[in-house]
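Every number in the working numbering is 214 more than the matching position in the sequence shown, counting from 1. Don't be surprised by glycine CBs; every beta carbon is placed ideally from N, CA and C. Have a look at the structure below, then the notes.
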Amino acid sequence: MSKEQCPSPHNAAVYGDIAKTVLMCGDPLRAKFIADTYLSDVKQYNVIRGMYGFTGKYKGKTVSVQGHGMGIPSIGIYSYELFNFYDVERIIRIGTAGALTEDLNLGDLLFAQGACTDSNYGHQFNFPAQFAPIADFGMLETAVRIAREKQFPFQVGNIYSADVFYDESNSQERWGRFGVKGVEMEAAGLYINAAAAGKKALTICTISDQLVRKEYATVEQRQKNFTNMMEVALETALTY
Numbered sequence: 215m216s217k218e219q220c221p222s223p224h225n226a227a228v229y230g231d232i233a234k235t236v237l238m239c240g241d242p243l244r245a246k247f248i249a250d251t252y253l254s255d256v257k258q259y260n261v262i263r264g265m266y267g268f269t270g271k272y273k274g275k276t277v278s279v280q281g282h283g284m285g286i287p288s289i290g291i292y293s294y295e296l297f298n299f300y301d302v303e304r305i306i307r308i309g310t311a312g313a314l315t316e317d318l319n320l321g322d323l324l325f326a327q328g329a330c331t332d333s334n335y336g337h338q339f340n341f342p343a344q345f346a347p348i349a350d351f352g353m354l355e356t357a358v359r360i361a362r363e364k365q366f367p368f369q370v371g372n373i374y375s376a377d378v379f380y381d382e383s384n385s386q387e388r389w390g391r392f393g394v395k396g397v398e399m400e401a402a403g404l405y406i407n408a409a410a411a412g413k414k415a416l417t418i419c420t421i422s423d424q425l426v427r428k429e430y431a432t433v434e435q436r437q438k439n440f441t442n443m444m445e446v447a448l449e450t451a452l453t454y
């Protein structure tokens, strides 16, 4: 594919504009914050649909950061195109999650080792049985080591990628009873796309809501603590 070609109607980047490792956030403004705060020599490669994308340098390493929107359908589109159209090798999702077990506190990091889901996204692959989407162990191991070195509170475990945000099924207690640590809306779709493309993916979430104890992060807590997952993701990207 030539440098002049733009392979996606959702992404203004041309081939070569995007790094091999991409940090992805549901909120495109969080992607802009990372680019403005942590990266140098930044080039904005996308603004289509307000889904900002940037490539720059972090400690000399070329890294991209891009929004992916909310839910598996949205991250499914953007991650599929990054893996398959732009030859991205690794995606690290950094987002928020609600805690489904009492041992997680607001601001803690949650590394999604595996992802349960009620989404039908995986059905397109005609699996003969249910597929269990999991993170790349190498990136997971690296991120855990970095979090431990930085003394950031964290846990590793299963996560639930829900298809709905306002869930009236009252199923959260059941997921927690089976040891599922948190709920968000994207990890399973990302992990399935990575597996299908033969690429690598990891989800790092910050606990923004303690659903068992009915505790919710304040605006100040979100601003102060959400940078921990960004730093872990960026330091993980340095190793590749």
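Excluding the 5 residues preceding and the 5 following residue i in the sequence, name in chain order all residues of the same chain whose CB lies nearer than 6 Å to its CB.
i	result
PRO347	ALA329, ALA402, TYR405, ILE406
ALA451	THR235, VAL277
MET215	Residue placement at MET215 is flagged as unreliable, the pLDDT there being 44, under the threshold of 50; the coordinate-derived value follows with that caveat. Excluding positions up to five away in sequence, the list reads TYR229.
In chain order, what residues of the same chain have a beta carbon less than 7 Å from the beta carbon of residue i, not counting five sequence neighbours either side?
i	result
TYR294	ASN407
ILE262	HIS224, ASN225, ALA226
Assuming residue i and residue j form a contact by the criterion Cβ under 8 Å, report the distance between their Cβ atoms to the nearest whole angstrom.
i	j	result
ALA361	PHE368	5 Å
SER375	THR331	4 Å
LEU314	VAL426	7 Å
If we count the other Cβ atoms within 10 Å of its Cβ and call it buried at 16 or more, is residue i buried or exposed?
i	result
GLN280	buried
GLU449	buried
GLN327	buried
LYS413	buried
ALA415	buried
SER333	buried
LEU296	buried
TYR430	exposed
Determine which residues share a DSSP beta bridge with residue i and list them.
i	result
ASN467	The shown model of the chain, from 215 to 454, leaves out residue 467, and the question about it has no answer.
VAL236	SER278, ILE305
GLY267	ASN260, GLN280
GLU429	GLN424
Which ranges would you report for the alpha helix (DSSP H) in the segment 348-426 if only whole runs of at least 4 residues count? Fully enclosed alpha helix (DSSP H) runs of 4 or longer: 351-363, 386-391, 401-411.
Which complete alpha helix (DSSP H) runs does the segment 270-333 hold, if anything under 4 residues is left out? DSSP runs (the alpha helix (DSSP H)) wholly in the segment 270-333: 286-299.
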